[in-house]
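A.B. asks: Chains as they are written, first to last, in full-length UniProt numbering: chain S, 1 to 252; chain E, 1 to 252.
One structure, pasted below without further comment.
2 protein chains.
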Amino acid sequence: MSIRTELPSGTPPAIILVEPQLAENIGMTARAMANFGLSELRLVNPKNGWPKKGVREAASGATHVLDAARIYATVPEAIADLHVVLATTARERGQMKRVLAPEAAMVEVAAREGQRIGIMFGRERVGLTNDEVSLADAIVTFPVSPDFPSLNLAQGVLLMGYEWRRASGRAELPFSGALLSLPATREALLSLFASLEEGLQAAGFYPPEKREIIARNMRDMLHRMAMTEQDVRTLRGALRALSRRAKPPASD
Amino acid sequence: MSIRTELPSGTPPAIILVEPQLAENIGMTARAMANFGLSELRLVNPKNGWPKKGVREAASGATHVLDAARIYATVPEAIADLHVVLATTARERGQMKRVLAPEAAMVEVAAREGQRIGIMFGRERVGLTNDEVSLADAIVTFPVSPDFPSLNLAQGVLLMGYEWRRASGRAELPFSGALLSLPATREALLSLFASLEEGLQAAGFYPPEKREIIARNMRDMLHRMAMTEQDVRTLRGALRALSRRAKPPASD
Chain S
1 MSIRTELPSG
11 TPPAIILVEP
21 QLAENIGMTA
31 RAMANFGLSE
41 LRLVNPKNGW
51 PKKGVREAAS
61 GATHVLDAAR
71 IYATVPEAIA
81 DLHVVLATTA
91 RERGQMKRVL
101 APEAAMVEVA
111 AREGQRIGIM
121 FGRERVGLTN
131 DEVSLADAIV
141 TFPVSPDFPS
151 LNLAQGVLLM
161 GYEWRRASGR
171 AELPFSGALL
181 SLPATREALL
191 SLFASLEEGL
201 QAAGFYPPEK
211 REIIARNMRD
221 MLHRMAMTEQ
231 DVRTLRGALR
241 ALSRRAKPPA
251 SD
Chain E
1 MSIRTELPSG
11 TPPAIILVEP
21 QLAENIGMTA
31 RAMANFGLSE
41 LRLVNPKNGW
51 PKKGVREAAS
61 GATHVLDAAR
71 IYATVPEAIA
81 DLHVVLATTA
91 RERGQMKRVL
101 APEAAMVEVA
111 AREGQRIGIM
121 FGRERVGLTN
131 DEVSLADAIV
141 TFPVSPDFPS
151 LNLAQGVLLM
161 GYEWRRASGR
171 AELPFSGALL
181 SLPATREALL
191 SLFASLEEGL
201 QAAGFYPPEK
211 REIIARNMRD
221 MLHRMAMTEQ
231 DVRTLRGALR
241 ALSRRAKPPA
251 SD
C-alpha cells in the first residue's frame, strides 16, 4: 500500500533565482515573497557564493525564507520535482512559447490544485539563457513601459507574489472602511436638512428666488457625505453651536 | 477670452513621499515609477536633506524622475493643486474613510479624465500620521500576508504604478508568443498522424488489440502541442530520419 501525499490546495509557487548576484536583491526577494505568502525559495548556483554578506539585513525580517532556501547547482536539478515551470523574460526570445501577463499566469497557477509550480527569474544583468527558457512551459513578461523596461529582480518577484495572492483568493485587505458603518436613517438625515435650512433661512442666506435650488444642491452635497448616525449628530451639534453664537445678545 | 488647458486623458498620478529617509528607497521609487510610466515625484520634507548621497545609483537609470522631483515643506503644500488624494496605510486608523485595494483605486483614478491625482506614501518606519491621512479622500491598503505585512516603500509604489498602468489600458505586453503563429492545416497534421502510425505499426510498436486506443492517445498529445506548419515539417523530418536508421541494411 502506498501513501499518497496531497498538496494543499492552491499551493504557492516556488521562486527560483538563477545565478543571482547581489545580496540585496536576494534579501529583498525574500521579503517580497513573505509579503504575499510565498515561502519556497530556490537558488541556482548563486554568484560569488552563498550565504552572502548583507542578505539577512536586506530581507528585513523575512529571514525564515532565506533559512529555508534550497541551493541547486543547475536549473534541471532545481526544477526536477516541479510539474509546471514559468520563465520570466523581458525580451522576445524567438521561442514558440505561450507568453502570459503576470495576472493570467497566476490565475492558471492558482487553478492547478495539487501541482508544484516554479517561477524562474534570471541573472540581474542578462536574465535567463535561451536554453534555460526552453526548459519552461511558458513565459511570463511584465507590462512595463517600453521607455524603461528594466525591472529590478525583487520587484518582479513582488508582482508575481501579488498576482498569485489575488488569483488564489487570499487577497483580502487587512481592514476595510467606513462603508461598513450603517448610514443614518432617512429620518435623522431629513431632520438635519430641515434644521440646516431653517437656520440658513433665518440667517438670510438664501436669495429669495433661489432658495429651492440652493437647498437642493446642499442636500446633494450632504448625501454624498454618506453620513452615519454619528455624523448626523456631529453636524447637528455644530449647527446648533453656530446658531447660538450667531444670536444677538438678549436686550434688557 | 480665456484659454482652457485640458490635461491629457488618463493622467498618471503623482507619487508623494512624506518625509522619506533612505536614499535607496527614493531611488528605487523613481525606478519603479519609470517602469510603469509614472514621472511625477513629490517629496515632502525629506529627512536629512535633499539631494541624498546614493539616490541616483539606486534609481538605476531613472534619474530623469529624480531630476524632475519637486520638494515641498508640508503635505498641504504638496497636495494643493491636486483634485484627489489617496493615502496608503498598512494599519487601520479609526477614520471613516473608504478603503480601497490597489486595483480598485487605480480603476477609479484612470477614469478621472482631466483630474490631477496624488498618492501619498508615509515614512519608512511609521507611515503617515493620522492628520496626514485625514487630508486624503480615501485610503489604499495592500493585500499583504498578515504574517508579514511590512511592505517596502518602493515596492508599494511599484504596485500602484503597475495597477495604474493596467487600469489605464496601457498594460500591453512587450511581446507575445507562439499563439499568434498559424496552426498547421488539418491536412498537414493528419498526414503526420498517418506517417507516425504507419511507422509505429511497421516497427511492431502496438500490442494488437490496443492499436486504436494508443493511436488516439498519441493524437491527443500531438493536438496539445498546437503545431505550426514548421513544427509538422520538423516532426516529419525527425520521423523519417528515425525510420531510415531503423531499416535493416539491404542484403546483397
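Glycine included, C-beta positions come from ideal geometry on N, C-alpha and C.
Owing to the predicted nature of the structure, the values given are computational and were not obtained by experimental measurement.
Are any of the Cβ atoms in chain E nearer than 7 Å to that of residue 115 of chain S?
C.D. replies: It does not; no Cβ of chain E falls within 7 Å.
A.B. asks: Give me the chain E residues within the contact set of residue 62 of chain S, using Cβ-Cβ distance strictly less than 7 Å, ordered along the chain.
C.D. replies: The contacting residues are 148.
A.B. asks: Please list the partners that residue 36 of chain S has in chain E, where partner means a Cβ-to-Cβ separation under 7 Å.
C.D. replies: Near residue 36 of chain S (Cβ distances below 7 Å), the residues of chain E are 144 and 145.
A.B. asks: Chain S partners of residue 200 of chain E, CB-CB under 8 Å?
C.D. replies: Here the premise fails: no neighbours, minimum Cβ distance about 25 Å.
A.B. asks: Roughly how many whole angstroms lie between the Cα atoms of residue 45 of chain E and residue 76 of chain S?
C.D. replies: Rounded to whole angstroms, residue 45 of chain E to residue 76 of chain S spans 50 Å at the Cα level.
A.B. asks: Helix, strand or coil for residue 76 of chain E, going by three-state DSSP, please let me know.
C.D. replies: Note: residue 76 of chain E maps to helix in three-state DSSP.
A.B. asks: Name, please, each residue of chain S whose Cβ falls closer than 8 Å to the Cβ of residue 235 of chain E.
C.D. replies: By Cβ distance, chain S contributes nothing, its closest Cβ being about 13 Å from residue 235 of chain E, past 8 Å.
A.B. asks: Which full runs of the beta strand (DSSP E) of 3+ residues lie inside the region 123-185 of chain E, going along the chain?
C.D. replies: Listed in chain order, the complete beta strand (DSSP E) runs (minimum 3 residues) inside the region 123-185 of chain E are 138-140.
A.B. asks: Can you tell me whether residue 148 of chain E is buried or exposed, with buried defined as 16 or more other CB within 10 angstroms of its CB?
C.D. replies: With 16 or more other Cβ atoms within 10 Å, it is buried.
A.B. asks: Excluding the 5 residues preceding and the 5 following residue 21 of chain S in the sequence, name in chain order all residues of the same chain whose CB lies nearer than 6 Å to its CB.
C.D. replies: 47 and 124, listed in sequence order.
A.B. asks: Anything in chain E within Cβ reach of residue 151 of chain S, meaning under 7 Å, just list it in chain order.
C.D. replies: Residues of chain E passing the Cβ test: 35.
A.B. asks: Could you pull the start and end residues of the alpha helix (DSSP H) that residue 237 of chain S belongs to?
C.D. replies: Here the alpha helix (DSSP H) through residue 237 of chain S covers 229-246.
A.B. asks: According to DSSP, simplified to helix, strand and coil, what is residue 20 of chain E?
C.D. replies: It is coil, neither helix nor strand.
A.B. asks: Please confirm if residue 155 of chain S has its CB atom under 7 Å from at least one CB of chain E.
C.D. replies: Answer yes: the Cβ-Cβ gap between residue 155 of chain S and chain E drops below 7 Å somewhere.
A.B. asks: Please say whether residue 167 of chain E and residue 107 of chain E have beta carbons closer to each other than 7 Å?
C.D. replies: Taking 7 Å as the Cβ cut-off, residue 107 of chain E and residue 167 of chain E qualify as a contacting pair.
A.B. asks: Which residue or residues does DSSP assign as beta-bridge partners of residue 63 of chain S?
C.D. replies: DSSP lists no partner for residue 63 of chain S.
A.B. asks: Please classify residue 189 of chain E: is it buried, with 16 or more other beta-carbons within 10 angstroms of its beta-carbon, or exposed?
C.D. replies: It is buried - the Cβ of residue 189 of chain E has at least 16 other Cβ atoms within 10 Å.
A.B. asks: One question on the structure: do residue 53 of chain S and residue 177 of chain E come within less than 7 Å of each other, judged by their Cβ atoms?
C.D. replies: No. Outside cutoff.
A.B. asks: The alpha helix (DSSP H) with residue 294 of chain E in it runs from where to where?
C.D. replies: Residue 294 of chain E falls outside the range modelled here, since chain E spans only 1 to 252, and no answer is possible.
A.B. asks: Pull up the CB-CB distance for residue 116 of chain E and residue 81 of chain E, whole angstroms please, since I reckon it's below 8 Å.
C.D. replies: Contact flag correct, Cβ pair sits at about 6 Å.
A.B. asks: Report the three-state DSSP secondary structure of residue 120 of chain S (helix, strand or coil).
C.D. replies: Residue state, collapsed to three classes: strand.
A.B. asks: Below 7 Å on C-beta distance, what does residue 172 of chain E contact in chain S?
C.D. replies: Per Cβ cutoff of 7 Å: 143.
A.B. asks: I want to verify the contact list: residues of chain E whose CB lies under 8 Å from the CB of residue 206 of chain S, in sequence order.
C.D. replies: Here the premise fails: no neighbours, minimum Cβ distance about 29 Å.
A.B. asks: Would you kindly work out how many angstroms separate the C-alpha atoms of residue 162 of chain S and residue 144 of chain E, rounded to a whole number?
C.D. replies: One C-alpha to the other measures close to 8 Å.
A.B. asks: Does DSSP classify residue 89 of chain E as helix, strand or coil?
C.D. replies: The answer is coil: DSSP assigns residue 89 of chain E none of H, G, I, E or B.
A.B. asks: Ends of the alpha helix (DSSP H) at residue 56 of chain E?
C.D. replies: Taken as a continuous stretch (DSSP letters only), the alpha helix (DSSP H) holding residue 56 of chain E covers 55-58.
A.B. asks: Helix or strand or just coil, what does DSSP make of residue 100 of chain E?
C.D. replies: Residue 100 of chain E falls in the strand class under three-state DSSP.
A.B. asks: If I follow the unbroken beta strand (DSSP E) through residue 112 of chain E, where does it start and stop?
C.D. replies: Element bounds for residue 112 of chain E: n/a, residue is neither H nor E.
A.B. asks: With the cut-off set at 7 Å, would you say residue 16 of chain S and residue 33 of chain S are in Cβ contact?
C.D. replies: It is not a contact, given that the beta carbons lie outside the stated cut-off.
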